[in-house]
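Going by UniProt numbering, the sequence shown opens with residue 1, and the numbers climb by one from there. Idealized CB from N, CA, C, for every residue including glycine. See below for the structure under consideration.
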Amino acid sequence: MSFTIPRTFRKIVVQKLTPVFKDAVQIVQQNVVPPRSREVLIKNKFLGINASDINASAGHYLKKNSELPLDIGFEGIGEIVAVGDKVSELKYGQPVMHMKYGAFSEYVYIPEEEVIPIASCSGSLMPLLVSGTTASLSLDKCGLILPGDKVMITAAAGGAGHIAVQWAKHAGCHVIGTCSSQEKVKFLESLGCDRPINYKEESITEVLHSEYPDGVNVIWESIGGKMFDTLFNHLAVKGRMIVVGAVSQYADETFGQDLKKGMTAKLLLRSSMLSGFFLPHFKNDIPHYLSILVRLLHEQNLKPHIDDGSLQGKPFKGIEDIPRAVEYLHSGRSKGKVIVSL
């Protein structure tokens, strides 16, 4: 195998802090340099799109003293095209995946220990990375799911949601999933979801009152706003609610400003728990959970689904299509994990 590395490559950086992704970012050129002694240089072939990309472009994840421009993007799959002189476990041409901040780039430099070898370079593995580890870790570590639990998954047909549905089913739970179309209802049924709810045609409140009068044991909440308010009132005694996102609030000024009146009393009187989940805080658990997800995939007990935009008329291709892919994810039309090929 031979491959000529270009002198420069393109990447996306944040030049302006705003949740309007296309207004926040710009494509820039960067010179190629040899990887450091314990680094590898990876040519990205596929990139994963996440709802939190607009949170990042708005500056919500900034460290103190951060300055513009900022790198952006959370995950990628590609091939190693150069290795540092002290890298021992990886080799040229090897297919790998990574969760490297700054992934929205044609090439990335990554420390050897952060690279995840895979059998082949396939975009079908992308749902296992940020989405898969978020879904599985949050349900286990914060949701404390048990066989027989009634588990509610919001945005259940999304990148993380469709993995959360399958993880909870594999754990022996009864799974309820919210979605926004009848097409997505059928998709959720194909994943084993026990009670899909198309909230555009059914009232979530009425369904939960009539079919789950004792409440829901675990609520996996990624929408925020009114959805959070509605579901919080249906948390069972000793129930656990996990906040993994607030996508309905990312694009406005209400994110992080929504403490609800009476919440403490309701938590107390139900002996229930409310937990936040932020994947970087569980980084030591990621390799173990990723290995489980890969095993479930190989055993055909997990069906990850990717959405490359083809059904909307034009697949997402190249760095320049990332803003379009981000906009598509937030349109509510996507199903499964949105990816861009390079």
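What three-state label does DSSP hand residue i in the structure shown?
| i | result |
| --- | --- |
| residue 99 | coil |
| residue 143 | coil |
| residue 221 | strand |
| residue 38 | coil |
| residue 300 | coil |
| residue 295 | helix |
| residue 107 | strand |
| residue 134 | helix |
| residue 230 | helix |
| residue 68 | coil |
| residue 208 | helix |
| residue 18 | coil |
| residue 1 | Bear in mind that the predicted position of residue 1 carries a pLDDT of just 49, short of 50, making it unreliable; the figure below should be weighed with that in mind. Three-state DSSP puts residue 1 in coil, outside helix and strand. |
| residue 158 | strand |
| residue 117 | strand |
| residue 235 | strand |
| residue 9 | strand |
| residue 196 | strand |
| residue 326 | helix |
| residue 285 | helix |
| residue 185 | helix |
| residue 28 | strand |
| residue 321 | helix |
| residue 307 | strand |
Roughly how many angstroms separate the alpha carbons of residue i and residue j, rounded to a whole number?
| i | j | result |
| --- | --- | --- |
| residue 286 | residue 131 | 11 angstroms |
| residue 266 | residue 134 | 27 angstroms |
| residue 84 | residue 219 | 45 angstroms |
| residue 82 | residue 229 | 50 angstroms |
| residue 224 | residue 33 | 43 angstroms |
| residue 36 | residue 328 | 37 angstroms |
| residue 274 | residue 158 | 22 angstroms |
| residue 240 | residue 28 | 44 angstroms |
| residue 1 | residue 235 | Because the pLDDT of residue 1 is 49, which lies under 50, any placement of that residue in the model is unreliable, and the number read from its coordinates should be weighed accordingly. Rounded to the nearest angstrom, the two C-alpha atoms are 56 angstroms apart. |
| residue 7 | residue 107 | 11 angstroms |
| residue 86 | residue 40 | 10 angstroms |
| residue 175 | residue 310 | 29 angstroms |
| residue 17 | residue 25 | 9 angstroms |
| residue 20 | residue 88 | 42 angstroms |
| residue 212 | residue 272 | 17 angstroms |
| residue 332 | residue 11 | 26 angstroms |
| residue 281 | residue 196 | 31 angstroms |
| residue 95 | residue 127 | 16 angstroms |
| residue 233 | residue 209 | 10 angstroms |
| residue 203 | residue 216 | 16 angstroms |
| residue 145 | residue 315 | 37 angstroms |
| residue 185 | residue 167 | 18 angstroms |
| residue 319 | residue 105 | 7 angstroms |
| residue 161 | residue 194 | 14 angstroms |
| residue 57 | residue 304 | 27 angstroms |
| residue 277 | residue 163 | 16 angstroms |
Bridge partners of residue i, per DSSP?
| i | result |
| --- | --- |
| residue 150 | 174 |
| residue 79 | 43 and 95 |
| residue 48 | 339 |
| residue 240 | 218 and 273 |
| residue 163 | Bridge partners of residue 163: none, in fact. |
Taking residue i as the reference, which of the options has the closest Cα?
| i | options | result |
| --- | --- | --- |
| residue 299 | 170, 175, 316 and 82 | 170 |
| residue 165 | 159, 153 and 329 | 153 |
| residue 109 | 174, 31, 161 and 246 | 31 |
| residue 201 | 182, 6, 186 and 94 | 182 |
| residue 47 | 58, 78, 18 and 24 | 78 |
| residue 301 | 172, 247 and 111 | 172 |
| residue 365 | 312, 125 and 72 | In this structure the chain extends from 1 to 342, so residue 365 is not present and cannot be described. |
| residue 149 | 58, 156 and 140 | 140 |
| residue 199 | 192, 226, 191 and 214 | 226 |
| residue 214 | 314, 205 and 119 | 205 |
| residue 38 | 115, 51, 93 and 64 | 115 |
With a threshold of 16 other CB atoms inside 10 Å of the CB of residue i, please say whether the residue is buried or exposed.
| i | result |
| --- | --- |
| residue 263 | exposed |
| residue 147 | exposed |
| residue 53 | buried |
| residue 295 | exposed |
| residue 342 | buried |
| residue 44 | buried |
| residue 249 | buried |
| residue 321 | buried |
| residue 178 | buried |
| residue 279 | buried |
| residue 23 | exposed |
| residue 313 | exposed |
| residue 151 | buried |
| residue 190 | exposed |
| residue 55 | buried |
| residue 244 | buried |
| residue 138 | buried |
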